[in-house]
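See below for the structure under consideration.
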Amino acid sequence: RSYADGDEDEDRPVAQEGMRLQAHFFDEAHAKHRAITSIEWSFKHPEVVAAAYSARASQTGNDPEGQVCLWSLGLPTTPELTFTCPSPVTSVAFSKHSPSILIGGCYNGQIVIWDARDKATPVQRTPSSDGHTQPVYGTLVVGTAHDSSLITASTDGHVCSWSLDMLAKPMESYQLGQPNRAFSVTCMTALPADSNTLLCGAEDGIVYQAGRLGNDRSLVQRFASHYGPVTSIHANPCPALQDLGLFTTTSVDWTTRIWHWKSQEPIHVLDDFSDFVMDAQWSPVHPAVLCAADGMGALSLFNLNQDMEVPAVRIYAGEESSTTRQAGSAAAPLPAAGTSVMPATVRPALNHCRWTADGRALAAGDTAGNVWVYAVAEPYSHPAEDEAIRFKKRLHELSQQQQQQLQQQQQQQLQQQQQQQQQQLQQQQTAGATPAASPSAERR
Numbered sequence: 034r035s036y037a038d039g040d041e042d043e044d045r046p047v048a049q050e051g052m053r054l055q056a057h058f059f060d061e062a063h064a065k066h067r068a069i070t071s072i073e074w075s076f077k078h079p080e081v082v083a084a085a086y087s088a089r090a091s092q093t094g095n096d097p098e099g100q101v102c103l104w105s106l107g108l109p110t111t112p113e114l115t116f117t118c119p120s121p122v123t124s125v126a127f128s129k130h131s132p133s134i135l136i137g138g139c140y141n142g143q144i145v146i147w148d149a150r151d152k153a154t155p156v157q158r159t160p161s162s163d164g165h166t167q168p169v170y171g172t173l174v175v176g177t178a179h180d181s182s183l184i185t186a187s188t189d190g191h192v193c194s195w196s197l198d199m200l201a202k203p204m205e206s207y208q209l210g211q212p213n214r215a216f217s218v219t220c221m222t223a224l225p226a227d228s229n230t231l232l233c234g235a236e237d238g239i240v241y242q243a244g245r246l247g248n249d250r251s252l253v254q255r256f257a258s259h260y261g262p263v264t265s266i267h268a269n270p271c272p273a274l275q276d277l278g279l280f281t282t283t284s285v286d287w288t289t290r291i292w293h294w295k296s297q298e299p300i301h302v303l304d305d306f307s308d309f310v311m312d313a314q315w316s317p318v319h320p321a322v323l324c325a326a327d328g329m330g331a332l333s334l335f336n337l338n339q340d341m342e343v344p345a346v347r348i349y350a351g352e353e354s355s356t357t358r359q360a361g362s363a364a365a366p367l368p369a370a371g372t373s374v375m376p377a378t379v380r381p382a383l384n385h386c387r388w389t390a391d392g393r394a395l396a397a398g399d400t401a402g403n404v405w406v407y408a409v410a411e412p413y414s415h416p417a418e419d420e421a422i423r424f425k426k427r428l429h430e431l432s433q434q435q436q437q438q439l440q441q442q443q444q445q446q447l448q449q450q451q452q453q454q455q456q457q458l459q460q461q462q463t464a465g466a467t468p469a470a471s472p473s474a475e476r477r
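When you line the sequence shown up against this note's numbering, it's residues 34 to 477, in that order.
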């Protein structure tokens, strides 16, 4: 079902709902028995979304392992274009300077480039001798439309910088970590105000911050993050919050954590989840709105200016609509609402979620090869003018609370150390005051 341009349901309001199903992309020939591994909206064509798929469990001779489909809101029944490659695609990105160029990071460590004007197979690919040797989960296009480059990160612990015009050899490459212990990178982002500052989530649950150019390539900070692999990382794009360096991470530990890039501890933890949290993305237009996709097949929408604990909206993959929890209502998990086009007993996990550039819709991909596009209600896609100021105030309060908690912990540790020192001193004094036995007593 689609609510694309020209559909009679396009004007149906979503303000009293939280989210409404706008499109469902699935084609049995391309998506059956495949999971969504990455999704991205086109920079140039806002109605087009790219979906990368895993390999099928049982491959046939003519079945490509790597596959990416371009779907359009105007044509929801079949993909507009399909691209293939020999290895499963683990991450995908659009070029900023050329809308026909699509980039894929692959399971075998290769980087491939497709050209929509040319053919379904890659027009460029990296050689096996240079670049990565393990799955590429971080694929990031940085720079302007006229001067952009590609940054990639892999579980082999290497970060590479590439020219999109030449993939024969990376322009720069370095290992994140020590020579005898590379950090296995599972996701990557860059700060909007400084694309030279990379934030990399790793399998050990830690987030590492490093530069990507010249002398800044060394590891400069680590964040003691999660109790399991980091599944996603995303920096808040709001211009008014750029000085904070705000970003969020998700993990298999069932949490989403919010960080300030100068603090090694999270300033807030969202834990209203019942399974792995696979992805979280800040809204591109509302500074305090965050969406998260989890292993229960739920897409949760948080308005952190309204509530810092539970989502304002929660919808499950396949549901046609959801209701919005009113501010001030009981902070209980939101029930599933609306009519679902998928039975709950077969509901797959959601792997990824991505906003459209205008913040009016969300795409979510699941482990069964479905891409769901939801229209988002106006309170979340059309923020009030003071939303950034309010959110910044909330973040400041959270930071102050965090500092107070750290000071209390330090004071408690100091008191414990002083008590231990006093006990040791008393034991020493007691031992020194005990009279020694006389020689005659020893003989007796």
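Ideal Cβ placement from N, Cα and C applies to all residues, glycine included.
Keep in mind the model is a prediction, meaning the values are calculated, not measured.
- For residue 191, the uninterrupted beta strand (DSSP E) run begins and ends at 191-195, by DSSP.
- Per DSSP, residue 293 lies in no alpha helix (DSSP H) segment; the continuous beta strand (DSSP E) that holds it begins and ends at 289-293.
- Of the residues 427, 73, 93 and 173, the one whose Cα lies closest to the Cα of residue 388 is 73.
- For residue 354, the three-state secondary structure derived from DSSP is strand.
- Distance from the CA atom of residue 408 to the CA atom of residue 232, rounded to whole angstroms, is 30 angstroms.
- Straight-line measurement puts the Cα of residue 209 at about 17 angstroms from the Cα of residue 258.
- Residue 275 sits in a helix when the DSSP states are folded into three classes.
- Relative to residue 54, the option among 393, 452, 286 and 190 whose CA is nearest is 393.
- In the three-state scheme derived from DSSP, where H, G and I count as helix and E and B as strand, residue 385 is classed as strand.
- When DSSP states are grouped into helix, strand and coil, residue 256 belongs to the strand group.
- Counting along the chain, the unbroken beta strand (DSSP E) around residue 73 starts and ends at 69-74.
- Counting C-beta atoms within 10 angstroms of its own C-beta, residue 282 has 16 or more neighbours from the protein chains shown and is therefore classed as buried.
- Here residue 126 is not near residue 104, since their CB atoms are 8 angstroms or more apart.
- Assigned with DSSP and collapsed to three states, residue 177 falls in coil, not helix or strand.
- Apart from the 5 residues on each side of it in sequence, residue 179 sits with its Cβ closer than 7 angstroms to the Cβ of 130 in its chain, given in chain order.
- For the pair residue 390 and residue 454, the Cα-to-Cα distance works out to about 59 angstroms.
- In this structure, DSSP gives residue 432 a helical state, which the three-state scheme calls helix.
- 217 is the residue among 337, 205 and 217 whose C-alpha sits nearest the C-alpha of residue 168.
- Partner residues in the beta bridge of residue 349, as assigned by DSSP, are 331.
- The beta carbons of residue 99 and residue 81 sit no closer together than 8 angstroms.
- As the crow flies, the alpha-carbon of residue 316 is around 16 angstroms from that of residue 341.
- Within the same chain, Cβ atoms closer than 8 angstroms to the Cβ of residue 156 are found at 146, 147 and 148, the five residues on either side in sequence being excluded.
- Residue 221 is bridged by DSSP to 233.
- When C-alpha distances from residue 158 are compared across 451, 151 and 138, the shortest belongs to 138.
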